[in-house]
Amino acid sequence: MTVRFDQSRRRFICRWQEPTQITIDKKTGTINRTRMISIKVSETGKLNKRDCSRHEGHPMYPHINRFNRKLNQMNYFPRKSQGHKCVCCGTEEDVSPHYDIESKSVLWLCRKHQFGCPMSDA
């Protein structure tokens with residue numbers, strides 16, 4: 074599961090995979106289906122009330138809410154990604170915040186490493 078902040082769309086995006094049963098020609102199997110929720114964020118860092126009311130009962134919503142609080146504590150809004158480096162390659166170009174659910178910490182990843190970084194998985 075990944076939780077990241079898309080700066081261009083100003084949205085928190087949470088993606089995860091869940092097993093889904095499918096039946097084709099009377100044969101049953103299981104596939105991993107990718108699911109996603111996204112919540113819009115204002116310039117000041119407040120979550121959109123309509124998106125929150127739609128998703129607040131979802132089990133992934135607390136992770137997005139915690140991620141938003143961490144970014145607000147860091148005074149991330151509205152400065153964006155000034156002075157942060159990618160944890161994988163060290164570049165400062167096109168870096169965006171990601172939330173590590175296991176360690177409950179914010180990681181900064183570039184566009185190249187946003188879907189997988191060998192160092193962040195360790």
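Just so we're on the same page, my numbering is the position in the sequence shown counted from 1, plus 73. Even for Gly, the Cβ is constructed at its ideal location relative to N, Cα and C. In this text the structure is predicted, and so the values were computed from the model without any measurement.
Under the criterion of beta carbons closer than 8 angstroms, residue 128 and residue 112 qualify as touching, at roughly 6 angstroms. Apart from sequence neighbours up to five positions away, the residues of its chain that approach residue 143 with a beta-carbon distance below 6 angstroms are 179, ordered along the chain. Per the coordinates, the alpha-carbon of residue 119 lies some 14 angstroms from the alpha-carbon of residue 82.
In the three-state reduction of the DSSP assignment, residue 126 falls in the helix class.
Under DSSP, residue 131 forms no beta bridge with any residue. Rounded to whole angstroms, the separation of the alpha carbons of residue 99 and residue 88 is 30 angstroms. A direct Cα-to-Cα measurement between residue 157 and residue 133 gives close to 26 angstroms. For residue 183, the uninterrupted beta strand (DSSP E) run begins and ends at 178 to 183, by DSSP. CA-to-CA, the gap between residue 114 and residue 77 works out to about 12 angstroms. Note on residue 188: under 16 other CB atoms within 10 angstroms of its CB, so exposed under the neighbour-count rule.
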